[in-house]
Amino acid sequence: MRSAARSISLAVAALVGLVLLWGFFSENGLAIPTHVRHLQIPLLHSSPKYNGDSSSSIGNGGSSSSSSSSSISTVSQDSKQELDDDDTAIPSSYSTVDTLWYQWSQIIYDNRPHLSKIELTSDAPNNGVHGADPNPRAPYHDLVKNPATDMAAMESAHTGLSEELNKLARTTSPYKGHGVVLVGGAEYYGPAITTISMLRKLGCELQVEVFVRNRSEYEPYVCEEFFPKIGAKCMVITDFLDRGAHVFEAGHYQLKVLALLFSSFRHVLFLDSDSMPLIDPYAKMMQVEPYKSTGMVVWPDFWAATESPVFYKIAGLEGFPAGLPKTSSESGQMLMDKGTHLQALLLATYYNIYGPDLYYRLLSQGAMGEGDKETFLAAAVVMNSTYYRVKHPVEAVMNDDGPKSKGRAMLQYHAGDEVSTSKAADKPVRPAFLHANLPKMNAGHLVDEGDLFSEVNTTQRWRLLGDKDKQIRMFGYDIEATIFEIMMKSGCDLADKIKDWQKREKLCQRITEHYEQLFAGHGEEKEVVGNNVAAALKGATDDGEDDDEDLLLGARARVMMI
């Protein structure tokens, strides 16, 4: 009996000793072997400093070895998944952005919807909204034909994610500074180069992060030699995905939200590779209202919104939200403060991870442009995050080709002018972005795909954005000539460097011929362009936040015009 009691006493003493030793290491910040170290980073949650308790910060503890019924492809990492319930063992070498994704990749997986696809009775029609319609959005018809049990399963999963999102501190994040983010790679290197070059012509010195899908799209010459010269660098999305506690495979529309999430900047202008700023985004967008007070600015599309009212029930809202704009959103450009809007960004990530067969279908119901574009505003509405939706309607830029004229680009307008108290009432709102999506400003593709010639007279070279006088009235200068000057220079310098261009015969010769025959004398107009740039920069202010990080790379590129 005494022997048994002594054994029990020794065991208890040993256990107490281990607990005290663990506490000593933890309190004094000393190294604990990584194979027994389970961390919870205070930066990511508003919970107290980790004290050895294994309370949950991860979903509902679902095992990652079970298969997801969603269409998204997933890859298990057994060595990372062998954890006690919902603890998370974070490799000590991870950055704070890696750490954020390590935790939230598991949360997003644990709260996955358990159904394969949203089925619709029919696709919603493409109803255009003409002009600025002040009337708020009304609920559209519910076209979902899945049974109520499917919607209940989605609601249950969404509730689990929302509970985790509500634990996040609203004003803390692992990001800093101001910057521009694009998705590039493969055929999108060309338009990305054009967009970055137009940004530099405005005098904008912000760093640019160009995200490519995977290592096969990472081109060493472009990423390591060319981009640094213009204040840009490549980031590889799968490098971040592979460091998640659960590994997702993503593509196409899903890449945009991941680029936003994985970028290092707190204050981000996201751009599609073919959406070119027309005014300096740092001085004239990030430093003024409405971005300064809302932390998020989104732009309209041509089409009426067609989301299923069921979406809001799934998201836990009571009824259809009031005050939403009548049109859907266009996500070719977006401003976001990821410090104040981290919850909304993570929720948008969830909507995109499970987007192609589920949330994209719910939010557009098959209408034009179904994809990521509705997920960002929807996430902000669900999380009750502040935002500003530009009121000036998007406009189509036509190519003036007689009976064959068609829209070649989208013109988006300046949010700052809409809310400015100093702007004269009769002064028009300025254009802010030229989203040249049909066709994209890709030198290699333009010379091969027939867009440089009139459809009425196929031997006649034709302007894509309308005649010179119209462009000067609209933009203040011949913007198409400037764009083609950039593409001529990049097409000649990089024809044998960018993989997508290497198969294009005589690229330099053909793009030069087009420029010289259509834009002769453009060089004489550069002084006017320079004056416009100077005017755009006038009045720029600095809020003093993250100064050292904002302009480091871009400063080297200010005078570099490709």
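The sequence shown begins at 134 in my numbering and counts up one residue at a time. Think of the CB as a built atom: it goes at the ideal place given N, C-alpha and C, for glycine as much as any other residue. Given the structure is predicted, the values throughout are model-derived calculations rather than measurements.
Exercise for the section: Return the CA-CA distance between Ile619 and Lys334, expressed in angstroms with no decimal places. Expected result: For this step, residue 619 is matched to residue 486 along the sequence shown. For this step, residue 334 is matched to residue 201 along the sequence shown. Whole-angstrom Cα-Cα distance: 10 angstroms.
Handout entry: Runs of beta strand (DSSP E) lying entirely within the stretch 269-354, each at least 3 residues, in chain order
Key = As far as the stretch 269-354 is concerned, its whole beta strand (DSSP E) runs of at least 3 residues are 311-316, 340-345.
Problem - Minimum C-alpha distance to Glu463 - residue among Met516, Leu567, Glu382 - result: The residue given as residue 463 occupies position 330 in the sequence shown. Closest option to Glu463, Cα to Cα, is Leu567.
Practice task
Could you name the residues of the same chain whose beta carbon sits closer than 7 angstroms to that of Val580, not counting the 5 residues immediately before and after it, in chain order?
Solution key: Here residue 580 refers to the residue found at position 447 of the sequence shown. So the qualifying residues of the chain are Arg637, Leu640, Arg643, Ile644.
Problem - Gln239 classed as buried or exposed, judged by whether at least 16 other C-beta atoms fall within 10 angstroms - result: Locating residue 239 in the sequence shown gives position 106, where the first residue counts as 1. With 16 or more Cβ atoms within 10 Å of its Cβ, Gln239 is classed as buried.
Exercise for the section: Take Ala319 as the anchor and find which of Val345, Pro307, Thr508, Thr328 has the nearest alpha-carbon. Expected result: Residue numbering aside, residue 319 sits at position 186 when the sequence shown is read from its first letter. Distance check between Ala319 and each of Val345, Pro307, Thr508, Thr328 places Val345 closest, using alpha-carbon atoms only.
Practice task
Go ahead and pull the three-state DSSP assignment for Ala529.
Solution key: Taking the sequence shown and counting its residues from 1, the one referred to as residue 529 is at position 396. Three-state DSSP puts Ala529 in a strand.
Problem - Member of Tyr351, Asp256, Lys537, Thr282 whose CA lies at the smallest distance from the CA of Asp633 - result: On the sequence shown, residue 633 is found 500 positions in, with the first residue counted as 1. Across the set Tyr351, Asp256, Lys537, Thr282, the C-alpha of Tyr351 shows the shortest separation from the C-alpha of Asp633.
Handout entry: Separation of Leu544 from Val562, as counted between CA atoms
Key = Taking the first residue of the sequence shown as 1, we reach residue 562 at position 429. Taking the first residue of the sequence shown as 1, we reach residue 544 at position 411. Pairing Val562 with Leu544, the inter-Cα distance amounts to about 12 angstroms.
Problem - Top-ranked residue by Cα proximity to Val523, from Gly549, Glu507, Phe359 - result: Within the sequence shown, numbered from 1, the residue matching residue 523 stands at position 390. Closest option to Val523, Cα to Cα, is Gly549.
Exercise for the section: Would you be able to state if there are at least three C-beta pairs under 8 angstroms between the stretch 440-451 and the stretch 270-278? Expected result: They touch, by the three-pair rule.
Practice task
Confirm, please, whether the CB-CB distance from Val514 to Leu404 is below 8 angstroms.
Solution key: Taking the first residue of the sequence shown as position 1, residue 404 is located at position 271. Taking the first residue of the sequence shown as position 1, residue 514 is located at position 381. Inclusion of Leu404 and Val514 in the CB contact set at 8 angstroms is not warranted, their separation being larger than that value.
Problem - Asn279 versus Ala325 - alpha carbon distance - result: Working through the sequence shown from its first residue, we reach residue 279 at position 146. Working through the sequence shown from its first residue, we reach residue 325 at position 192. Here the alpha carbon of Asn279 sits roughly 40 angstroms from the alpha carbon of Ala325.
Practice task
Name the residue from Val369, His474, Leu651 whose alpha carbon lies nearest to the alpha carbon of Gln593.
Solution key: For the purposes of this step, residue 593 is taken as the residue at position 460 of the sequence shown. Measuring from the Cα of Gln593, the nearest candidate turns out to be Leu651.
Exercise for the section: Decide if Asn259 is buried, meaning its Cβ has at least 16 other Cβ atoms within 10 Å, or exposed. Expected result: Counting from one through the sequence shown, the residue named residue 259 turns up at place 126. Per the 10 Å Cβ criterion, exposed.
Exercise for the section: Pull up the distance between the alpha-carbon of Ala285 and that of Glu582, whole angstroms please. Expected result: Looking up residue 285 in the sequence shown gives position 152. Looking up residue 582 in the sequence shown gives position 449. Using only the alpha carbons, I get a separation of about 48 angstroms.
Problem - Cβ neighbours of Tyr235 in the same chain (closer than 7 angstroms, five flanking residues each side left out) - result: Reading the sequence shown from its first residue, position 102 is the one you call residue 235. Cβ within range, chain order: Thr221, Ile223, Tyr227, Arg376, Gly377, Ala378.
Handout entry: Test item: CB-CB of Asp231 and Thr328 under 8 angstroms
Key = Within the sequence shown, residue 231 is the residue found at index 98, counting from 1. Within the sequence shown, residue 328 is the residue found at index 195, counting from 1. No, the Cβ-Cβ distance between Asp231 and Thr328 is not below 8 angstroms.
Handout entry: DSSP-derived helix/strand/coil call for Tyr235
Key = Residue mapping note: residue 235 aligns to position 102 of the sequence shown, counting from 1. In this structure, Tyr235 counts as helix in the three-state DSSP scheme.
Problem - Sufficient close CB pairs (3 or more, under 8 angstroms) joining the stretch 357-376 to the stretch 384-397 - result: Yes, the stretch 357-376 is in contact with the stretch 384-397.
Practice task
Express the C-alpha separation of Ala511 and Asn268 in angstroms, rounding to a whole number.
Solution key: Walking along the sequence shown from the start, residue 268 turns up at place 135. Walking along the sequence shown from the start, residue 511 turns up at place 378. The straight-line gap from Cα to Cα measures roughly 19 angstroms.
Practice task
Could you tell me which residues DSSP puts in a beta bridge with Ala365?
Solution key: As a first step, residue 365 must be located in the sequence shown, where it is residue number 232. Ala365 is bridged to Val341.
Handout entry: Own chain residues within Cβ distance below 8 angstroms of Leu298, not counting five before or after
Key = Position 165 of the sequence shown holds residue 298. Taken in chain order, the residues that qualify are Gln476, Leu479, Leu480, Met516.
Practice task
Starting from Gly540, follow the beta strand (DSSP E) in both directions and report where the run begins and ends.
Solution key: For the purposes of this step, residue 540 is taken as residue 407 along the sequence shown, with counting starting at 1. Note, Gly540: beta strand (DSSP E), 540-546.
Problem - Residue environment, Lys471, which counts as buried when at least 16 other CB atoms sit within 10 Å - result: By one-based count along the sequence shown, residue 471 stands at place 338. Lys471 should be labelled buried.
Handout entry: Beta-carbon contacts of Glu551 that lie in its chain and below 7 angstroms, excluding the five residues immediately before and after
Key = Taking the first residue of the sequence shown as position 1, residue 551 is located at position 418. If we look at Glu551 and ignore the five residues flanking it on each side, its Cβ neighbours are Val523, Lys524, His525, Val562.
Exercise for the section: Can you tell me which of Leu495, Asp600, Asp505 puts its alpha carbon nearest to the alpha carbon of Ser255? Expected result: In the sequence shown, counting from the first residue as 1, residue 255 sits at position 122. From the listed residues Leu495, Asp600, Asp505, the smallest Cα separation to Ser255 is found for Leu495.
Handout entry: Residues of its chain near Ala669, where Cβ-Cβ distance is below 8 angstroms and the 5 sequence neighbours each way are ignored
Key = Locating residue 669 in the sequence shown gives position 536, counting from the first residue. Interpretation of Ala669 is limited by its pLDDT of 40, a score under 50 that renders its predicted location unreliable; the figure taken from the coordinates is listed afterwards. Answer for Ala669: Leu335, Gly336, Ile412, Asp413, Ala416, Lys417, listed in chain order.
Problem - Segment limits, alpha helix (DSSP H) that includes Glu613 - result: Translated into the one-based positions of the sequence shown, residue 613 becomes position 480. In the DSSP annotation of this structure, the continuous segment of the alpha helix (DSSP H) that includes Glu613 starts and ends at 612-626.
Practice task
Report the rounded CA-to-CA distance for Asp534 versus Phe453, giving the unit in angstroms.
Solution key: Start at 1 with the first residue of the sequence shown, and residue 534 comes out as number 401. Start at 1 with the first residue of the sequence shown, and residue 453 comes out as number 320. Approximately 44 angstroms, taken between the alpha carbons.
Practice task
Give the DSSP-derived three-state secondary structure of Gly663 in the structure shown.
Solution key: Counted from its first residue, the sequence shown places residue 663 at position 530. For Gly663, the pLDDT reaches just 44, beneath the cut-off of 50, and the residue's location in the model is therefore unreliable, leaving the point undetermined.
Problem - Through-space distance from Gly504 to Tyr493, alpha-carbon basis - result: In the sequence shown, the residue the question calls residue 493 occupies position 360. In the sequence shown, the residue the question calls residue 504 occupies position 371. Distance from the CA of Tyr493 to the CA of Gly504, rounded to the nearest whole angstrom, comes to 5 angstroms.
Exercise for the section: Could you tell me the boundaries of the alpha helix (DSSP H) in which Phe395 lies? Expected result: Translated into the one-based positions of the sequence shown, residue 395 becomes position 262. Segment 387-395, the alpha helix (DSSP H) holding Phe395.
Problem - Backbone CA spacing between Ile616 and Gly599 [nearest angstrom] - result: The residue given as residue 616 occupies position 483 in the sequence shown. The residue given as residue 599 occupies position 466 in the sequence shown. Note on geometry: alpha-carbon atoms of Ile616 and Gly599 lie some 13 angstroms from one another.
Problem - Contacts around Val262, its chain only, beta-carbon distance under 6 angstroms, and the 5 residues preceding and following it disregarded - result: Within the sequence shown, numbered from 1, the residue matching residue 262 stands at position 129. For Val262, the CB contacts under 6 angstroms within the same chain, skipping 5 residues up- and downstream, are Ala437, Lys459, Thr460 in chain order.
Practice task
Could you check the C-alpha separation between Ser497 and Val277 for me, to the nearest Å?
Solution key: Translated into the one-based positions of the sequence shown, residue 497 becomes position 364. Translated into the one-based positions of the sequence shown, residue 277 becomes position 144. Spanning the two alpha carbons is a distance of roughly 11 angstroms.
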